[in-house]
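These notes concern the structure reproduced below.
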């Protein structure tokens with residue numbers, strides 16, 4: 533009897549799947565690699581797969597149609613916007629994530645970006661290189677203890693960011709959402725009110741149809757003049773063109789982004805090298821502790837599915853196949 537097949541779709545440079553491969557093989561799986569985000573390549577490699585271990589490859593209903601034996605999709609992320617979860621559920625396929633592996637890292641990264649913006653580090657790091665050593669920005673850095681920090685998304689990352697902010701800022705306010713849990717030191721307010729008072733806006737939202745393009749020209753116009761935006765959630769939550777327009781007009785003082793609708797950004801993209809925009813290449817999750825844990829949890833979800841009939845950290849309920 534052939535061992536069940538588990539296929540890795542795509543791995544980024546630097547990702548080491550060894551821990552996951554060993555766990556899968558120790559639990560009776562055959563493991564192969566498509567090493568592609570191309571649906572044709574994935575379909576060919578995973579024709580007989582029962583488990584698909586996905587990085588950032590898009591998995592839509594058309595691809596699922598071509599994978600008749602597939603029973604579980606395990607993601608190398610806490611987000612699932614690259615998978616048609618509803619289609620997977622209809623087809624009796626479980627979808628699992630790694631859960632909140634890197635909440636501390638992402639929140640810390642967001643706070644580091646916040647401090648860099650407030651202290652105008654991009655400008656000052658250019659002193660002696662791009663401009664004279666004793667140059668000063670058009671507007672001096674503002675005192676953090678006099679600012680209001682707004683938060684969109686009070687999940688594990690948003691709550692950790694709120695801890696940093698509440699220890700330093702004058703006020704921390706988060707947008708009300710159904711089921712939101714009160715956080716000490718954080719006021720809750722309607723979304724529009726959060727925009728209106730935020731000197732810094734931290735974005736920690738999942739990408740859904742409701743949040744796609746949420747931060748658009750109208751949203752930026754509602755924010756105080758001189759405000760900053762920090763996004764470490766999903767790139768498509770932010771309307772990049774509108775953001776650039778708001779920064780270039782001077783209405784927003786700056787922005788810091790770790791995620792983008794298109795990754796990697798082309799070298800010619802206007803965000804890269806912009807004097808008032810900080811960009812990092814989707815590394816908010818990265819630390820010496822998270823790399824192996826991401827890979828282990830991704831494989832562990834597949835193993836738990838085979839053992840229990842349901843993967844750990846499932847985000848859907850697979851319908852029973854007829």
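Numbering (my numbering), first residue to last: 533 to 854. Note that the Cβ used here is the ideal one computed from N, Cα and C, for glycine as well.
I'd like the span of the alpha helix (DSSP H) that includes residue i, first residue to last.
i           : result
residue 690 : 688–698
residue 848 : No alpha helix (DSSP H) holds residue 848; DSSP gives it neither H nor E.
residue 874 : Given a span of 533 to 854 for the chain in the structure shown, any question on residue 874 remains unanswerable.
residue 754 : 749–754
residue 725 : 723–729
residue 653 : 653–656
Mind checking residue i: buried by the 16 CB within 10 Å criterion, or exposed?
i           : result
residue 682 : buried
residue 836 : buried
residue 713 : exposed
residue 815 : exposed
residue 843 : buried
residue 613 : buried
residue 794 : exposed
residue 740 : exposed
residue 661 : exposed
residue 587 : buried
residue 849 : exposed
residue 690 : buried
residue 730 : buried
residue 845 : buried
residue 800 : exposed
Residues in the same chain with beta-carbon distance under 6 angstroms from residue i, minus the five sequence neighbours each way, listed in chain order, please.
i           : result
residue 536 : 561, 582
residue 761 : 733, 787
residue 655 : 669
residue 707 : 684, 723, 726
residue 770 : 747, 763
residue 657 : none
Which residue comes first and which comes last in the beta strand (DSSP E) that contains residue i?
i           : result
residue 682 : 680–684
residue 733 : 732–735
residue 539 : 537–540
residue 663 : Premise fails: residue 663 is in no beta strand (DSSP E) and is neither H nor E.
residue 759 : 759–763
residue 703 : 703–707
Rounded to a whole number of angstroms, what is the C-alpha to C-alpha distance between residue i and residue j?
i           : j           : result
residue 820 : residue 698 : 27 angstroms
residue 543 : residue 672 : 43 angstroms
residue 532 : residue 750 : Given that the chain is displayed from residue 533 to residue 854, the structure contains no residue 532 and the question cannot be resolved.
residue 507 : residue 552 : The structure shown has nothing for residue 507, since the chain only spans 533 to 854.
residue 591 : residue 792 : 19 angstroms
residue 617 : residue 539 : 18 angstroms
residue 721 : residue 705 : 7 angstroms
residue 638 : residue 578 : 32 angstroms
residue 677 : residue 647 : 12 angstroms
residue 568 : residue 626 : 22 angstroms
residue 650 : residue 743 : 26 angstroms
residue 715 : residue 701 : 15 angstroms
residue 838 : residue 851 : 16 angstroms
residue 594 : residue 575 : 10 angstroms
residue 767 : residue 813 : 11 angstroms
Which residues in the same chain have their Cβ closer than 8 angstroms to the Cβ of residue i, if we skip the five residues on either side of it in sequence?
i           : result
residue 727 : 682, 733, 751, 754, 755
residue 643 : 693, 696, 697
residue 494 : The question about residue 494 has no answer, for the chain in this structure spans 533 to 854.
residue 719 : 703, 704, 705, 706
Near residue i, which residues of its chain fall below 7 angstroms by C-beta distance, leaving aside the five closest residues on each side in sequence?
i           : result
residue 804 : 797, 811
residue 757 : 783
residue 632 : 610, 688
residue 824 : 551
residue 580 : 537, 601
So within the region 772–838, which uninterrupted alpha helix (DSSP H) runs reach at least 4 residues, ignoring any that extend past its ends?
772–780
Continuous beta strand (DSSP E) assignments of at least 3 residues falling wholly in the region 563–646
581–586, 604–607, 626–628
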